[in-house]
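Asker: Provided herewith is a single structure, encoded as structure tokens, for subsequent inquiry.
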């Protein structure tokens, strides 16, 4: 499986030879760097979830920290309680390719899941460079 090959590369080499995003259909310009630009009206990060952590605010509301990589950079995205209620939590799992609509907080240098938006699972595509044939799948 593609995820096994990528995990092997990361574990034994310390980095990926193949981009984890190579197995997904991506727009190509939905990077972390582009999402930080002020002139980006509706920024979206397409990337792989590398870590998640559940947490609580000072007022005991649930939220989720999601670390995502676009193959070049890694970013933290805060998903607050009000936005988590509108999400399919099956799409917020480590190793899964996702498109996350975000808002960038320049003061804190972090992202938050954009209000009233949903996280989408990226669609797999056929790609020979990762050494496996991955059939195209339609997103749910």
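Numbering (the numbering used here), first residue to last: 57 to 196. Ideal Cβ placement from N, Cα and C applies to all residues, glycine included. Model, not experiment: these values are computed from the prediction.
(1) Determine the direct distance from the alpha carbon of residue 147 to that of residue 174, and round the result to whole angstroms.
(2) Taking the beta strand (DSSP E) that residue 110 belongs to, which residues open and close that run?
(3) Judging by CA-CA distance, which residue of 86, 92, 97 and 170 is the nearest neighbour of residue 221?
(4) Distance check for residue 60 and residue 122, CA to CA, integer angstroms please.
(5) Who are the near neighbours of residue 83 in its chain, counting only those whose CB is closer than 7 Å to its CB and skipping five residues on each side?
(6) With 16 other CB atoms within 10 Å as the buried threshold, where does residue 86 fall?
(7) Give the DSSP bridge partners of residue 121, in chain order.
(8) Curious, which full-length beta strand (DSSP E) runs of at least 3 residues does the stretch 142-190 contain?
(9) Ends of the alpha helix (DSSP H) at residue 88?
(10) Alpha carbon to alpha carbon, how far is residue 68 from residue 167? Give it in angstroms, no decimals.
(11) Could you compute how far the alpha carbon of residue 176 sits from the alpha carbon of residue 98?
(12) Find the nearest neighbour of residue 179 within the set 80, 64 and 118, judged by alpha-carbon distance.
Answerer: The relevant details are as follows:
(1) Straight-line spacing of the CA atoms in residue 174 and residue 147 works out to 10 Å.
(2) Element bounds for residue 110: 100-112.
(3) Given a span of 57 to 196 for the chain in the structure shown, any question on residue 221 remains unanswerable.
(4) Rounded to the nearest whole angstrom, the CA to CA distance from residue 122 to residue 60 is 21 Å.
(5) If we look at residue 83 and ignore the five residues flanking it on each side, its Cβ neighbours are 102.
(6) It counts as buried.
(7) Answer is 109 and 134.
(8) Annotation: the stretch 142-190 contains the following complete segments of the beta strand (DSSP E) (minimum length 3 residues), in chain order: 153-161 and 166-169.
(9) 88-91 is the span of the alpha helix (DSSP H), which, as asked, contains residue 88.
(10) Each residue's alpha carbon lies about 30 Å from the other.
(11) Per the coordinates, the alpha-carbon of residue 176 lies some 15 Å from the alpha-carbon of residue 98.
(12) Between residue 179 and the set 80, 64 and 118, the nearest pair of CA atoms involves 80.
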